[in-house]
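**Student:** Residue numbers (my numbering): 515 to 718. Attaching a single structure in structure tokens format; questions to follow.
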């Protein structure tokens with residue numbers, strides 16, 4: 515029985531690797547529906563201009579920081595009836611033909627823009643606030659590409675939080691941006707009125 519179980523495990527792994535190669539084939543483009551229908555086990559995935567992008571699961575510090583941000587924003591939004599908060603890896607279809615699906619670590623949607631009926635798949639719009647927590651493996655160009663996608667698709671505010679360097683960057687729809695140190699505050703501005711937390715409190 516142990517040998518049979520081992521063989522099954524190896525076959526499953528081979529199938530997954532082959533399927534992943536097919537999905538990431540540079541000659542083929544995927545749609546948002548393809549992405550939803552073909553999850554990659556134990557990976558984080560996004561779609562950028564029809565190309566599948568696969569990431570490893572984030573580490574402890576990333577997860578802890580994202581969790582604190584989710585909790586803080588969620589409590590404030592719920593207490594003041596400002597809108598809804600969505601957890602990590604919730605996909606948003608930002609563009610079509612070719613399709614781009616991004617998944618922030620935290621997303622906030624103002625009440626006026628919350629769909630009357632929850633989408634069966636990915637939402638076809640950008641959240642008002644998209645929060646990305648950096649991992650050590652993230653490259654600057656890839657992060658800026660994400661910021662550009664969020665803003666171009668209609669996000670009003672994007673926060674990039676770096677728990678290793680203990681800094682954050684704020685990008686706004688009007689083109690302005692700010693760099694925040696550990697003792698500076700992440701402010702919800704007119705997107706999340708009344709919300710303010712120090713960068714350090716979301717990391718420590």
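Note that CB positions come from ideal geometry on N, CA and C, so glycine has one too. All of these numbers come straight from a predicted model, not from anything done at the bench.
May I have a chain-ordered list of the alpha helix (DSSP H) segments no shorter than 4 residues that lie completely inside the segment 542 to 601?
**Tutor:** Those alpha helix (DSSP H) runs which fall completely within the segment 542 to 601 and span 4+ residues are 546 to 551, 574 to 593.
**Student:** Give me the DSSP bridge partner(s) of residue 700.
**Tutor:** Note: residue 700 sits in a beta bridge opposite 711.
**Student:** Give the secondary structure of residue 654 by DSSP, where H, G and I count as helix, E and B as strand, and everything else as coil.
**Tutor:** Here residue 654 sits in helix by DSSP.
**Student:** Where does residue 621 sit, in a helix, a strand or coil, going by DSSP?
**Tutor:** It is a strand residue.
**Student:** Please name the residue or residues paired with residue 609 in a DSSP beta bridge.
**Tutor:** Looking at the DSSP assignment, residue 609 forms a beta bridge with 614.
**Student:** Tell me which same chain residues have a C-beta within less than 6 Å of the C-beta of residue 625, skipping the five on either side of it?
**Tutor:** 597, listed in sequence order.
**Student:** How would you label residue 599, buried or exposed, when you count the other beta carbons within 10 angstroms and need 16 or more for buried?
**Tutor:** Per the 10 Å Cβ criterion, buried.
**Student:** For the beta strand (DSSP E) that residue 683 lies in, which residues bound it at each end?
**Tutor:** Run containing residue 683: 681 to 686, per the beta strand (DSSP E) assignment.
**Student:** Classify residue 665 as helix, strand or coil using the three-state DSSP reduction.
**Tutor:** In the structure shown, residue 665 sits in a helix (DSSP, three-state: H, G or I).
**Student:** What do you reckon, are the CB atoms on residue 615 and residue 606 nearer than 8 Å?
**Tutor:** In this structure, residue 606 lies closer than 8 Å to residue 615 by Cβ.
**Student:** Evaluate residue 462 with the Cβ neighbour count: other Cβ atoms within 10 Å of its Cβ, from every protein chain shown; 16 or more gives buried, anything less gives exposed.
**Tutor:** Residue 462 is absent from the model: the chain starts at 515 and stops at 718.
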